[in-house]
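Q:
2 protein chains.
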Amino acid sequence: MTAKVALATSNEGKRAELAPLLEDLDIELVLPDSNLMNEIEEPGLTFIENALIKARAVSAHTQLPAIADDSGLSVNALGGKPGIHSARYAGSPSNAARNNEKLLAALSEVPDEERKASFQCVLVYLRQSDDPVPLVGVGSWAGEILREPRGTQGFGYDPLFFVPGLNRTAAELSTVEKNGISHRARAAEQLLKKLKDDFR
Amino acid sequence: MTAKVALATSNEGKRAELAPLLEDLDIELVLPDSNLMNEIEEPGLTFIENALIKARAVSAHTQLPAIADDSGLSVNALGGKPGIHSARYAGSPSNAARNNEKLLAALSEVPDEERKASFQCVLVYLRQSDDPVPLVGVGSWAGEILREPRGTQGFGYDPLFFVPGLNRTAAELSTVEKNGISHRARAAEQLLKKLKDDFR
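So the protein sequences, as listed, match chains L and H.
Offset between the first sequence (1-based) and the numbering used here: plus 62.
Offset between the second sequence (1-based) and the numbering used here: plus 62.
1. I need the straight-line Cα distance from H:Leu83 to H:Ala128, nearest angstrom please.
2. Answer yes or no: do H:Ala159 and H:Thr124 have a C-beta to C-beta separation smaller than 8 angstroms?
3. Just to confirm before moving on: does the CB-CB distance between H:Glu79 and H:Thr237 stay below 8 angstroms?
4. Just to confirm before moving on: does the CB-CB distance between L:Gly205 and L:Phe217 stay below 8 angstroms?
5. Output, in sequence order along the chain, the residues in the segment 194 to 206 of chain H whose CB is closer than 9 angstroms to any CB in chain L.
6. Are the C-beta of H:Phe181 and some C-beta of chain L separated by less than 8 angstroms?
7. Please list, in chain order, all residues of the same chain as L:Asn162 whose beta carbon is under 7 angstroms from its beta carbon, the five residues on each side excluded.
8. For H:Ser121, which residues of its own chain have a beta-carbon under 7 angstroms away from its beta-carbon, when the five flanking residues on both sides are left out?
9. Taking 8 angstroms as the threshold (beta carbon to beta carbon), is L:Asp192 in contact with chain H?
10. Return helix, strand or coil for H:Gln190, following the three-state DSSP convention.
11. Going by DSSP, what residue range makes up the alpha helix (DSSP H) through H:Val120?
12. Any beta-carbon of chain L closer than 8 angstroms to the one on H:Phe223?
13. Could you give the C-beta distance for H:Phe181 and H:Ser244, rounded to a whole number, given that I count them as a contact under 8 angstroms?
14. With H, G and I counted as helix, E and B as strand and the rest as coil, what does DSSP make of H:Leu197?
15. If we ignore side chains and look at the alpha-carbon of each, how far apart do H:Glu171 and H:Arg209 end up?
16. Considering only the beta carbon of each residue, do H:Ala250 and H:Val200 sit closer than 8 angstroms?
17. Whole angstroms is fine: what's the gap from L:Arg153's alpha carbon to H:Ile89's?
18. Determine whether the Cβ of L:Gly142 lies closer than 8 angstroms to any Cβ atom of chain H.
19. How is the alpha helix (DSSP H) around H:Asp259 delimited, first residue to last?
20. Please report whether the beta-carbon of L:Gly213 lies at a distance below 8 angstroms from any beta-carbon of chain H.
21. From the beta carbon of H:Ile146, is the nearest beta carbon of chain L less than 8 angstroms away?
22. Residues of the segment 112 to 132 of chain H with a CB closer than 8 angstroms to any CB of chain L: list them in chain order, please.
23. List, in chain order, every chain L residue whose beta-carbon is nearer than 8 angstroms to that of H:Phe261.
24. Chain H partners of L:Leu107, CB-CB under 9 angstroms?
25. If I measure Cβ to Cβ from H:Pro226 and keep anything under 8 angstroms in the same chain, skipping five residues before and after, which residues do I get?
26. Please report the Cβ distance between L:Ala119 and L:Asp132, rounded to the nearest whole angstrom; I am assuming they are in contact, meaning their Cβ atoms lie under 8 angstroms.
27. Can you check which of these residues, L:Ala130, L:Leu135, L:Val137 and L:Gly242, is closest to L:Leu91 by C-alpha distance?
28. Using DSSP with H/G/I as helix, E/B as strand and the rest coil, what is L:Ser170?
29. Name the residue from H:Cys183, H:Pro94 and H:Arg230 whose alpha carbon lies nearest to the alpha carbon of H:Glu276.
30. Taking Cβ-Cβ distances shorter than 9 angstroms, what residues in chain H pair up with L:Ile102?
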């Protein structure tokens, strides 16, 4: 029997990436109301705590197991910022264009060789809202911050995130390409291994 | 240079087990004042959240990186209890003898074949108190709950935790033996792999 699992995100981009990554499992992803997601505060100080807060709220509301993602961009020259504040870096509600502008401004004086950054992703799975032993997958993706956006795919900081090995930004990769190497792909891979014991 | 790392526990048993497990690293473990540890509340709903809360408090107080352990016993017939409440199952302050008595009472009617349980351990490492990407190790250890305590080593629920493969309880194992197979050993092994990038 196909099990229902709630996916605790209202971010279209995350949803579009996660769905194929979780395709191997015999689960039906249920999307919670975006109003619910907007109401969830994220007071955690780590990606994993914020992911757990989101998964727990959605699991309590839907009475289903829940998967949540928390992710962000960590820029070396900014001491790891915007980090857990990536989505709302330029204020609330989250706006990718304004976030990218703020990032470019913050790095305007930073020379090319000091623009290293990484995307971080934590995925969690709670069997129920009070599950004390969540399954966790983590992943990171190394790159550099450009001086202007390139590409139209992906979401968030993708147009500024240049991947030297590919000579392209994350926004110049198709979802399939991005899903081969991204922080989210690696986190999903780890989570998937652990979920397979539960779901097939 | 040997780096100092605070170990966020006032539990002698955990300390005695963790020190040799972390011996491979070029770090000096610093033990915080037990008053500080007693003051830290653990409102988290998962082992990992409670471990992060402890590590964060100790890192903020000592201005050092911090390692914390959160662990507990999950009993199948009790729906996973005492779980994150293992240390204070029979009330505060933590008392192993009273916890064991309460567990035996709760399982008095449960037949032998339904007394399966597991120890769970999460170890976290925070580079600083606001580190958004902690290193995490998790481990579990499967066993069964006896009807009376056996053995004098270890701590906590060890005298009731029977390991079928060894035909002994956790309290009948030396620290060296326990450290070969326990939940804490596996979590430490995972954390160690990740820490080695930072410390040697």
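Cβ atoms here follow ideal geometry from the backbone N, Cα and C, with glycine treated the same way.
A: In short, the structure shows the following:
1. Stepping through the second sequence from its first residue, residue 83 of chain H is reached at position 21. Stepping through the second sequence from its first residue, residue 128 of chain H is reached at position 66. Each residue's CA atom was taken as its position, placing H:Leu83 and H:Ala128 some 15 angstroms apart.
2. Here residue 159 of chain H refers to the residue found at position 97 of the second sequence. Here residue 124 of chain H refers to the residue found at position 62 of the second sequence. No, Cβ-Cβ distance for H:Ala159 and H:Thr124 is not below 8 angstroms.
3. Residue mapping note: residue 79 of chain H aligns to position 17 of the second sequence, counting from 1. Residue mapping note: residue 237 of chain H aligns to position 175 of the second sequence, counting from 1. Between H:Glu79 and H:Thr237, the C-beta spacing is below 8 angstroms.
4. Residue 205 of chain L sits at position 143 when you count from the first residue of the first sequence. Residue 217 of chain L sits at position 155 when you count from the first residue of the first sequence. In this structure, L:Gly205 lies away from L:Phe217, with their beta-carbon atoms at least 8 angstroms apart.
5. Flagged, chain order: Pro194, Val195, Pro196, Val198, Val200 and Ser202.
6. Position 119 of the second sequence, counted from the start, is the residue given in the question as residue 181 of chain H. Contact of H:Phe181 with chain L is not assigned, every C-beta pair being separated by 8 angstroms or more.
7. For the purposes of this step, residue 162 of chain L is identified with residue 100 of the first sequence, where counting begins at 1. Excluding sequence neighbours, L:Asn162 sits near Pro211, Tyr219, Pro221 and Leu222.
8. On the second sequence, position 59 is the one that residue 121 of chain H refers to. Taken in chain order, the residues that qualify are Ala68, Pro127, Ala128, Leu188, Gln190 and Ser191.
9. Residue mapping note: residue 192 of chain L aligns to position 130 of the first sequence, counting from 1. By this cut-off, L:Asp192 is an interface position.
10. Indexing the second sequence from 1 puts residue 190 of chain H at position 128. Three-state DSSP puts H:Gln190 in coil, outside helix and strand.
11. Mapped onto the second sequence, residue 120 of chain H falls at position 58. That run of the alpha helix (DSSP H) goes Phe109 to Thr124.
12. As a position in the second sequence, residue 223 of chain H is number 161, starting the count at 1. H:Phe223 does not count as touching chain L.
13. In the second sequence, counting from the first residue as 1, residue 181 of chain H sits at position 119. In the second sequence, counting from the first residue as 1, residue 244 of chain H sits at position 182. A Cβ-Cβ separation of about 7 angstroms places H:Phe181 in contact with H:Ser244 under the 8 angstroms criterion.
14. The sequence position of residue 197 of chain H within the second sequence is 135, counting from 1. The three-state reading of DSSP puts H:Leu197 in strand, counting E and B together.
15. The count along the second sequence starts at 1 and reaches residue 171 of chain H at position 109. The count along the second sequence starts at 1 and reaches residue 209 of chain H at position 147. Whole-angstrom Cα-Cα distance: 10 angstroms.
16. Taking the first residue of the second sequence as 1, we reach residue 250 of chain H at position 188. Taking the first residue of the second sequence as 1, we reach residue 200 of chain H at position 138. No, the pair does not count as a contact, with Cβ atoms beyond the cut-off.
17. On the first sequence, residue 153 of chain L is found 91 positions in, with the first residue counted as 1. On the second sequence, residue 89 of chain H is found 27 positions in, with the first residue counted as 1. First, the amino acid is wrong: residue 153 of chain L is Gly here, not Arg. Near 40 angstroms, if we compare the C-alpha coordinates of H:Ile89 and L:Gly153.
18. Position 80 of the first sequence, counted from the start, is the residue given in the question as residue 142 of chain L. Yes, contact with chain H.
19. Walking along the second sequence from the start, residue 259 of chain H turns up at place 197. H:Asp259 -> alpha helix (DSSP H) spans His245 to Phe261.
20. Your numbering for residue 213 of chain L matches position 151 in the first sequence. Judged by the 8 angstroms Cβ criterion, L:Gly213 is not in contact with chain H.
21. Mapped onto the second sequence, residue 146 of chain H falls at position 84. Yes - at least one Cβ of chain L is within 8 angstroms of the one on H:Ile146.
22. Along the segment 112 to 132 of chain H, going in chain order, the ones with a CB nearer than 8 angstroms to a CB of chain L are Leu114 and Arg118.
23. Here the question's residue 261 of chain H lines up with position 199 in the second sequence. The contact set of H:Phe261 on chain L, defined by CB atoms closer than 8 angstroms, is empty, because the minimum CB distance reaches about 19 angstroms.
24. Walking along the first sequence from the start, residue 107 of chain L turns up at place 45. Listed along chain H are Leu114, Arg118, Ser191, Asp192, Asp193 and Pro194, each with a C-beta nearer than 9 angstroms to that of L:Leu107.
25. Counting from one through the second sequence, the residue named residue 226 of chain H turns up at place 164. Take H:Pro226, set aside five residues on each side of it, and the residues of its chain with a beta-carbon closer than 8 angstroms to its own are Gly205 and Glu206, in chain order.
26. For the purposes of this step, residue 119 of chain L is identified with residue 57 of the first sequence, where counting begins at 1. For the purposes of this step, residue 132 of chain L is identified with residue 70 of the first sequence, where counting begins at 1. That pair is no contact at about 13 angstroms.
27. Reading the first sequence from its first residue, position 29 is the one you call residue 91 of chain L. The option with the nearest alpha carbon to L:Leu91 is L:Ala130.
28. In the first sequence, the residue the question calls residue 170 of chain L occupies position 108. Here L:Ser170 carries a coil assignment [DSSP, helix/strand/coil].
29. It is not possible to answer for residue 276 of chain H, since the shown part of chain H is limited to 63 through 262.
30. Along the first sequence, one-based indexing puts residue 102 of chain L at 40. Chain H residues near L:Ile102: none, gap ~15 angstroms exceeds 9 angstroms.
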